[in-house]
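Data block below; observations after.
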Amino acid sequence: RKAYRLAMSIYRISRDFPKEELYGLTSQIRRSSRSVCLNLREAWAKRRYPAHFVSKLTDCDGENSETDTALDLALDCGYITRQQHQDLTQQCAEIGRMLGSMISRPEPFLIQQSS
């Protein structure tokens, strides 16, 4: 849920990015933020298979880090305010902590196979 809300927030703020960034930073930040929630959904569907589950969570974590870096670029280019940057990077950090916890201890989230 948090990843979805972050992606939607990024979609809203990136509407105001310059037109010349449409195929650059705008596309990249939207793709990476969207990929976090899509990969998380895929991970959830693979809970029967621990290695696949953790692999998809790791993909989510990488995309979340990419989103965080894109937010730094957006700030430094003057496309977002410091407050927007702070709010969005805090959300990225929270999502990262949640993903890290799930990667470290996936067992509570796995579907137990019946014998």
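Heads up: the sequence shown is residues 42 to 156, going by this note's numbering.
Just so you know, even glycine gets a beta-carbon here, dropped at the ideal spot from N, CA and C.
Since we're looking at a predicted model, the values are computed, not measured.
The C-beta of residue 132 has 16 or more other C-beta atoms within 10 Å across all chains shown, which makes the residue buried. Secondary structure at residue 118: coil, using DSSP grouped into helix, strand and coil. Of all C-beta pairs linking the stretch 66-73 to the stretch 102-109, three or more are shorter than 8 Å, placing the two stretches in contact.
Where residue 141 is concerned, the enclosing alpha helix (DSSP H) starts and stops at 123-145. With fewer than 16 other Cβ atoms from the protein chains shown falling within 10 Å of its own Cβ, residue 118 counts as exposed.
Leaving aside the five residues that flank residue 120 on each side, the residues in its chain whose CB is nearer than 6 Å to its CB run, in chain order, 58. Pairwise C-beta distances place the stretch 91-101 out of contact with the stretch 63-70, as fewer than three of them are shorter than 8 Å. For residue 70, the enclosing alpha helix (DSSP H) starts and ends at 66-86. DSSP places residue 46 within a helical segment (H, G or I) once states are collapsed to three.
Using a 10 angstroms sphere on the CB of residue 134, the tally of other CB atoms stays under 16, which defines it as exposed. Contact annotation: residue 129 and residue 50 have beta-carbon atoms nearer than 8 Å. Rounded to the nearest whole angstrom, the C-alpha separation of residue 154 and residue 42 is 26 Å.
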